[in-house]
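Note sheet for the following structure.
In the UniProt record's numbering, the protein residues as written are 1 to 93.
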């Protein structure tokens with residue numbers, strides 16, 4: 001009977017999906033905080049101050065999302081590059 005080699009993954013199968021969810025969750029939380037602060041300040045202060053604070057936090061949340069998408073794109077490009085190199089190494093062998 002021949003021994004089988006079992007390759008255990010270094011991380012759970014769908015770990016990357018949880019990672020992406022965590023990143024989106026941060027952006028989602030910042031949007032909720034921005035909306036809550038905007039409503040609170042509109043209720044108790046002047047509307048111009050509320051819009052300034054709310055828009056500032058919304059822009060911060062959008063900046064986080066854009067930053068995440070850029071990092072995600074760069075990470076995917078790096079993974080594709082590594083896969084191509086790995087395929088080339090297999091062909092050379």
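We put the beta carbon where it would ideally sit given N, CA and C, even for glycine.
- Excluding the 5 residues flanking it on each side, residue 29 has no same chain C-beta neighbour closer than 6 Å.
- Our two residues, residue 27 and residue 69, have alpha carbons roughly 11 Å apart in a direct line.
- When only Cα atoms are considered, residue 90 and residue 72 end up about 27 Å apart.
- If you draw a straight line from the Cα of residue 64 to the Cα of residue 82, it is about 27 Å long.
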